[in-house]
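If you use the UniProt record's numbering, the sequence shown corresponds to residues 1 to 410, in order.
Idealized CB from N, CA, C, for every residue including glycine.
In this text the structure is predicted, and so the values were computed from the model without any measurement.
Each remark here refers to the structure printed beneath this line.
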Amino acid sequence: MFDLDRWREIFQSINKNRLRSVMSGFTVAFAILLFTLLFGIVSGLSNSFKGAFADDAQNAMFVRVWKTSKPYKGLQTGRTVQLKNKDYDYISEEYGDKIQYKSSRIYKNFTIKYKSEASNYSVMAVNPDHQYLEKTIIDKGRYLNERDLKEKSKVIVIGRLLKKDLFGERPALRKRVNVNGSSYLVIGIFSDEGGDNEERKAFIPLTTAQMMYGNNDYISQIALGYDPNLSLDAAVAFGNRMERDLRKKMDIHPDDQSALSVRNMAEANKGIGQFMGVLYAIVILIGSGTLVAGIIGISNIMIFVIKERTKEFGIRKALGAKPASIVGMVVQESVLITTLAGYLGLTLGTYILSLIGDTLEEDYFIKDPSVSPGIVIGATIVLVLSGLIAAYVPAKKAANIKPIEALRAD
């Protein structure tokens, strides 16, 4: 039941003892402020790591080859290793049950022209699954499909900024562009979270590129998406096994990373997860220390406050106040100060993070530092409960002494 007189007394007590109230609140606010800043910065680091891989699916794997750096089985160093369609087919057949998406890649740099506008762009020849591996977002039209591959169609999907460069505000769908001297039909416009460079790319069917630019079955790279139901450890083991099998199949030394490597996002995610786990553990340790310091500060202040108000409690009891009434008033005052100070610390911490967010991203690669309200609210509740206990124990003791003893207290 709301007791207006009780709250008037509480606010009168706070107003009368401003320094004590400010000191109590400062202890709580400072603890929550530090807690918010620490977790916000760690959260920003986590966002930076995630942003670094925003352009690719989290379950992606990439098989790439180059030149051998070690002799093996009588084959010389410096031998050029070339991926071919048969290698792509081998992976599909051998590991199909562990693969969600798959695509070959061929990298080209071509001049793309539309009327008087022309410039050099990165053009990638791919399979339809590449849309999901590259996290390509189709804004208009469609992506490449199996029919485009089968018919070796001269169609192209262009990035949002590439479209803007060549077409401006004019529509681009169903228009034809000149790609390295050949006419291609624009069938889709895409956007990409990877940034401006990604949105100035274009995609064409893999089979079209093989037919027109070399008349061969060569591919530059193989991109895969492993089964997302695999654990990180299982995905890492799968990648290692596939790499060993490919080395054996292509007569490459087991330790020759230059000739063949498999970049597995599972390894990166596992490493990042372990690093962030250690970082969060450190922050929790430091944050807990900050909260403990805040709890000790509240406890010490409340013990001093109760001792200072012992005579007041004696007078109240002499006038007929019950111990429960005295204890309740002190506890309510403590909880009120702690709650308001905790909210102030949370608000100030959030404001500081938003204020320095851009600077942290530019100078320290800490992206969008923020903190989950649930974490800080939980920390505030801990401090509020601590303030309640810190007020209750000495108040209960003081309220139970006899009025005459309370009046004699120094």
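DSSP, read as helix, strand or coil, puts residue 323 in helix. In this structure the stretch 108-116 lies against the stretch 164-183, because at least three pairs of beta carbons, one per stretch, are closer than 8 Å. Below 8 Å, too few C-beta pairs join the stretch 217-233 and the stretch 195-203 to call them touching: fewer than three. Per DSSP, residue 73 is not a residue of any beta strand (DSSP E), being assigned neither H nor E. The closest CA to that of residue 203, considering only 195, 189 and 151, is found on 189. Secondary structure of residue 82 (DSSP, three-state): coil.
Apart from sequence neighbours up to five positions away, the residues of its chain that approach residue 165 with a beta-carbon distance below 8 Å are 117, 119 and 200, ordered along the chain. The three-state secondary structure of residue 254, taken from DSSP, is coil.
In the three-state scheme derived from DSSP, where H, G and I count as helix and E and B as strand, residue 77 is classed as coil. Around the beta-carbon of residue 308, fewer than 16 other beta-carbon atoms lie within 10 Å, marking it exposed. Around the beta carbon of residue 243, 16 or more other beta carbons sit within 10 angstroms, so the residue counts as buried. According to the DSSP secondary-structure assignment, residue 117 is paired through a beta bridge with 114.
Distance from residue 376 to residue 35 at the Cβ level is roughly 6 Å; contact confirmed, criterion being Cβ atoms closer than 8 Å. Bounds of any beta strand (DSSP E) do not take in residue 57, whose DSSP letter is neither H nor E.
With contacts defined by Cβ atoms closer than 8 Å, residue 73 and residue 251 form a contacting pair. With a 10 Å radius around the Cβ and a threshold of 16 neighbouring Cβ atoms, residue 316 comes out buried. For residue 223, the three-state secondary structure derived from DSSP is strand. In this structure, residue 162 and residue 121 form a Cβ contact; the two beta carbons are roughly 6 Å apart against a cut-off of 8 Å.
In the three-state scheme derived from DSSP, where H, G and I count as helix and E and B as strand, residue 128 is classed as coil.
Around the C-beta of residue 89, fewer than 16 other C-beta atoms lie within 10 Å, and the residue is accordingly described as exposed. Relative to residue 371, the option among 38, 284, 262 and 63 whose CA is nearest is 38. By the criterion of a C-beta distance shorter than 8 Å, residue 109 is surrounded in its chain by 120, 121, 122 and 123, once the five residues flanking it on both sides are discounted. The straight-line gap separating the alpha-carbon atoms of residue 328 and residue 384 is approximately 15 Å. For residue 287, the number of other beta carbons within 10 angstroms of its own is at least 16, and it is reported as buried.
The bridge partners DSSP lists for residue 366 come to none. Listed in chain order, the non-local C-beta contacts of residue 333 below 7 Å within the same chain comprise 10, 13 and 14, local neighbours out to five positions each way being set aside. Fewer than three pairs of CB atoms, one per stretch, sit closer than 8 Å, so the stretch 299-313 makes no contact with the stretch 89-101. Membership of residue 248 in any beta strand (DSSP E) is not indicated; the residue belongs instead to the alpha helix (DSSP H) covering 232-249. In the assembly as shown, residue 402 is an exposed residue. Its beta-carbon has fewer than 16 other beta-carbons within 10 Å. Residues of the same chain with a CB within less than 8 Å of the CB of residue 217, apart from the 5 flanking positions on each side, are 84, 85, 86 and 210 in chain order. Residue 337 sits buried, since 16 or more C-beta atoms from the chains shown fall within 10 Å of its C-beta.
In the DSSP annotation of this structure, residue 259 is not part of any alpha helix (DSSP H), being labelled neither H nor E.
Separation of residue 125 and residue 30 (C-alpha to C-alpha, rounded to the nearest whole angstrom) is 56 Å. DSSP places residue 176 in the uninterrupted beta strand (DSSP E) bounded by 176-179.
About 4 Å separates the beta carbon of residue 221 from that of residue 105, a gap short enough to meet the 8 Å contact definition.
Cβ atoms of residue 32 and residue 378 stay farther apart than 8 Å, at about 11 Å.
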